[in-house]
Amino acid sequence: MSQELFLYETLSERLAEHIRRGGFIPGERLPSVRALSKAFGVSINTTVQSLRKLEMDGYIEVRDRSGAYVRHALPRPAVNDNVSHFPVLPVEISLSEEILRFMEPHISEQALHLGIALPDPGLMPVERIMRLWRDASRRHARTMWDYSHPNGLPAMRRQLSIRSIGYDAGIGEDDILVTNGCMEAMELALRAVTKPGDVVAVESPTYYGTLLALDVLQRRAVEIPTHYRDGICLYTLEQVFRQGQVKACILSCNAQNPLGYVMTDERKQRLVEMASRYQVPVIENDIWGDTVYAGNAQPAKALDHTGMVIYCNSFSKSLMPGLRLGWVAAGRFHDRLRELKQISSITTAAAPQLVMSRFIESGAYAQHLVQLRAALEQQVTEALELVRESFPSGTWVHPPEGGCVLWVKLPEHRDSRKLFQQALNDGIHIFPGSVFSVGPRHSDFMRLNVGSGLTPEVREKLRRLGALVAQMQ
């Protein structure tokens, strides 16, 4: 594929240039999508994508049921290039050392942990889980001692299957493999449907753990533009599917990390249909799905009747990372994943499965999720307001629909990698945006974990972080 911009990017830049020259004045409403499509001779879908890019770049704001309006404060153009180049080309990944360097401060007891994405343990029923663990060790000592079935304990798989009872395409007990966390599930999926050197489509930005897995497994990545509200660009994704460029796609549909969006059911349906039409497996990472504030956000897997979606999840973000308990529903690729599971880790420990199956069966997990979602939404809302108050003009942040992270764009292309060290010197651990992409993108973004309540210390540190951003040149 050439280095030329996609059509929607060309249209976006033409509109941006028109705005910069005063063709549309601040506060003015742009013509309708249909009018723009007709004027430029492009499809409505292309026009919508171009407006989303203009919105992301800070030129316009889209108001519900009203249209797109030129922002009063326009972004400053980049020093060397006013055009946003985003070639959709396979690239090698070599981020391991950089990502590990940014992760290391998480173990420091002196730093405020705004880097690693985790809800505060105070939001979790830790003591209740520990009581269940002690009870299981008394009642089921032999089961906990022995190897469990390679697929996982029947009781665990039954409870996971029941959770899908409302899906259009339910997940049966025999369709599930219990894994050691979500990362093992994704690694097994990648090994099942790709080989070294193959190309995998990913979101941009995407979870850095996805990039680490691709790096270790020697897969290449092709990055697909991803909108903070709508998710991965299905138009661009279909182009690489159609060209036979990729062997798999790995993404999140619910409370995506780091953007926090939830794809609509209509877009999930289109994704599933594309996977089936082009026979490209979709590896769905739904680890934050249970934290969606509105609740009941179904995964793309719920609409998968052809078995092309490999569904990966765990309880690490919604309950307890130390359980290391995840699962995968691999559809038509189930047998291959089971083979790979048996030669890698053989099975998953029985103890956490016994505990978690009882916790779900009792109804305690469903009750916990109601409380967790409410707490996270409140914390994120308060943190969002504080960031907007404390950070300099030009900072951009959009409310997520789930999870506990904020994706923050720094003003005037300030580099979050420089901010990382300055913040760490002040006892604040953040994650630079550059590690959420393979290419040279998102360096002026950072991800903040706001899974803890806004204590006076947290408030002080967030204000200090805003001051550091203001001081950057």
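Residue 207 in the UniProt record's numbering sits at position 207 of the sequence shown, and the numbers go up by one each step. Cβ atoms here follow ideal geometry from the backbone N, Cα and C, with glycine treated the same way.
In whole angstroms, give me the CA-to-CA distance for S390 and D135.
If you number the sequence shown from 1, residue 390 lands on position 390. If you number the sequence shown from 1, residue 135 lands on position 135. Computed Cα separation, rounded: 48 Å.
Using alpha carbons as the reference points, say which of L319, L340, I283 and E385 lies closest to I250.
Here residue 250 corresponds to residue number 250 of the sequence shown, with the count starting at 1. Among L319, L340, I283 and E385, the Cα nearest to that of I250 belongs to I283.
By the DSSP assignment, the alpha helix (DSSP H) with A351 in it spans what residues?
Numbered from 1 along the sequence shown, position 351 holds the residue referred to as residue 351. That run of the alpha helix (DSSP H) goes A350 to E361.
Name the one or two DSSP bridge partners that W396 has.
What you label residue 396 is simply residue 396 of the sequence shown in a count that begins at 1. Note: W396 sits in a beta bridge opposite K409.
Report the rounded CA-to-CA distance for T291 versus A375, giving the unit in angstroms.
Position 291 of the sequence shown, counted from the start, is the residue given in the question as residue 291. Position 375 of the sequence shown, counted from the start, is the residue given in the question as residue 375. The alpha-carbon atoms of T291 and A375 are separated by roughly 10 Å.
One or two residues paired with Y8 in a DSSP bridge:
In the sequence shown, residue 8 corresponds to position 8, counting from 1. In DSSP, Y8 forms no bridge with anything.
Give the secondary structure of G209 by DSSP, where H, G and I count as helix, E and B as strand, and everything else as coil.
If you number the sequence shown from 1, residue 209 lands on position 209. Helix.
Leaving out five residues on either side along the sequence, give the residues of the same chain with a beta carbon under 7 Å from the beta carbon of P105.
One-based indexing of the sequence shown puts residue 105 at position 105. Excluding residues within five positions, the ones whose Cβ falls inside 7 Å are A111, G115, L424 and H429.
Exposure of A221, with buried meaning 16 or more beta-carbon neighbours within 10 Å
Position 221 of the sequence shown, counting from 1, holds the residue named residue 221. By the 10 Å Cβ count, A221 comes out buried.
In whole angstroms, give me the CA-to-CA distance for G197 and E223.
To locate residue 197, count along the sequence shown from 1; it is residue 197. To locate residue 223, count along the sequence shown from 1; it is residue 223. Answer to the nearest angstrom: the Cα atoms are 16 Å apart.
For L100, does the count of other Cβ atoms within 10 angstroms reach 16, so buried, or fall short, so exposed?
In the sequence shown, the residue the question calls residue 100 occupies position 100. L100 should be labelled exposed.
Does the separation of the CB atoms of M156 and S316 fall below 8 Å?
By 1-based counting over the sequence shown, the position of residue 156 is 156. By 1-based counting over the sequence shown, the position of residue 316 is 316. Cβ atoms of M156 and S316: not closer than 8 Å.
Whole alpha helix (DSSP H) runs in the stretch 247 to 315 with 4 or more residues, listed along the chain?
265 to 278
Can you confirm whether the stretch 297 to 308 touches the stretch 250 to 261 when touching is taken to mean that 3 or more C-beta pairs between the two stretches lie within less than 8 Å?
yes
Spatial neighbours of P75 in its chain, beta-carbon cut-off 8 Å, leaving aside the 5 residues before and after
Position 75 of the sequence shown, counting from 1, holds the residue named residue 75. Taken in chain order, the residues that qualify are D57, G58, Y59 and G394.
Quick one: residues in its chain with C-beta nearer than 7 Å to the C-beta of E238, no 5 flanking neighbours on either side, listed in chain order?
Indexing the sequence shown from 1 puts residue 238 at position 238. M274, listed in sequence order.
Around the Cβ of W145, are there at least 16 other Cβ atoms within 10 angstroms (buried) or fewer (exposed)?
Locating residue 145 in the sequence shown gives position 145, where the first residue counts as 1. It counts as exposed.
Output needed for P126: all residues of its chain with C-beta closer than 8 Å, excluding positions within five of it in sequence on either side, in chain order.
Mapped onto the sequence shown, residue 126 falls at position 126. Correcting the residue type first, residue 126 is Val in the shown sequence and not Pro. Cβ within range, chain order: M320.
Look at H154 and T347 and say whether their C-beta atoms are less than 8 Å apart.
Along the sequence shown, one-based indexing puts residue 154 at 154. Along the sequence shown, one-based indexing puts residue 347 at 347. Contrary to the premise, residue 154 reads as Pro rather than His in this sequence. Contact: no.
Whole-angstrom distance between Q342 and F333, CA atom to CA atom
Position 333 of the sequence shown, counted from the start, is the residue given in the question as residue 333. Position 342 of the sequence shown, counted from the start, is the residue given in the question as residue 342. C-alpha separation (whole angstroms): 15 Å.
C-beta contact flag for L190 and I176 at 8 Å
As a position in the sequence shown, residue 190 is number 190, starting the count at 1. As a position in the sequence shown, residue 176 is number 176, starting the count at 1. No, these two residues do not count as a Cβ contact at 8 Å.
With H, G and I counted as helix, E and B as strand and the rest as coil, what does DSSP make of Y69?
Counting from one through the sequence shown, the residue named residue 69 turns up at place 69. Here Y69 sits in strand by DSSP.
Considering just the uninterrupted stretch of the alpha helix (DSSP H) at S344, what are its terminal residues?
In the sequence shown, residue 344 corresponds to position 344, counting from 1. From DSSP, the alpha helix (DSSP H) with S344 extends over H334 to S344.
Please look up how many angstroms separate the CB atoms of L337 and L188, rounded, as I've assumed it's under 8 Å.
Working through the sequence shown from its first residue, we reach residue 337 at position 337. Working through the sequence shown from its first residue, we reach residue 188 at position 188. Right, their Cβ atoms sit about 5 Å apart.
Is the Cβ-Cβ distance between A350 and T143 less than 8 Å?
By 1-based counting over the sequence shown, the position of residue 350 is 350. By 1-based counting over the sequence shown, the position of residue 143 is 143. Cβ atoms of A350 and T143: closer than 8 Å.
Around the C-beta of V440, are 16 or more other C-beta atoms found within 10 angstroms, so that it is buried, or is it exposed?
Residue mapping note: residue 440 aligns to position 440 of the sequence shown, counting from 1. It should be noted that the sequence gives Pro, not Val, for residue 440. Its Cβ having fewer than 16 others within 10 Å, P440 is exposed.
Outcome for M130 when other beta-carbon atoms lying within 10 angstroms are tallied against a minimum of 16:
On the sequence shown, residue 130 is found 130 positions in, with the first residue counted as 1. That one is exposed.
Would H305 and A169 be called neighbours here (beta carbons separated by less than 8 Å)?
Position 305 of the sequence shown, counted from the first residue, corresponds to residue 305. Position 169 of the sequence shown, counted from the first residue, corresponds to residue 169. Closer than 8 Å, so yes.
Take Y8 as the anchor and find which of A383, S345, P225 and D64 has the nearest alpha-carbon.
Here residue 8 corresponds to residue number 8 of the sequence shown, with the count starting at 1. The residue with the shortest Cα to Cα distance from Y8 is P225.
Who does V380 pair with in a DSSP beta bridge?
Reading the sequence shown from its first residue, position 380 is the one you call residue 380. Note: V380 sits in no beta bridge, so no partner.
If you check the beta carbons only, do G427 and R447 fall under 8 Å apart?
Within the sequence shown, the letter at position 427 stands for residue 427. Within the sequence shown, the letter at position 447 stands for residue 447. No, these two residues do not count as a Cβ contact at 8 Å.
Output needed for F431: all residues of its chain with C-beta closer than 7 Å, excluding positions within five of it in sequence on either side, in chain order.
Here residue 431 refers to the residue found at position 431 of the sequence shown. Here the set comprises F102, G115, M446 and R447.
Rounded separation between Y293 and V33 - CA only
Reading the sequence shown from its first residue, position 293 is the one you call residue 293. Reading the sequence shown from its first residue, position 33 is the one you call residue 33. Straight-line Cα distance between these residues: approximately 31 Å.
Candidates G326, G453, R324 and S362, of which the one nearest L386 by Cα:
Position 386 of the sequence shown, counting from 1, holds the residue named residue 386. Minimum Cα distance to L386 is reached at G453.
Which of the three DSSP states, helix, strand or coil, is assigned to L386?
What you label residue 386 is simply residue 386 of the sequence shown in a count that begins at 1. In the structure shown, L386 sits in a helix (DSSP, three-state: H, G or I).
Cβ-based burial, V370 [other Cβ within 10 Å; buried from 16]
To locate residue 370, count along the sequence shown from 1; it is residue 370. Under this definition V370 is an exposed residue.
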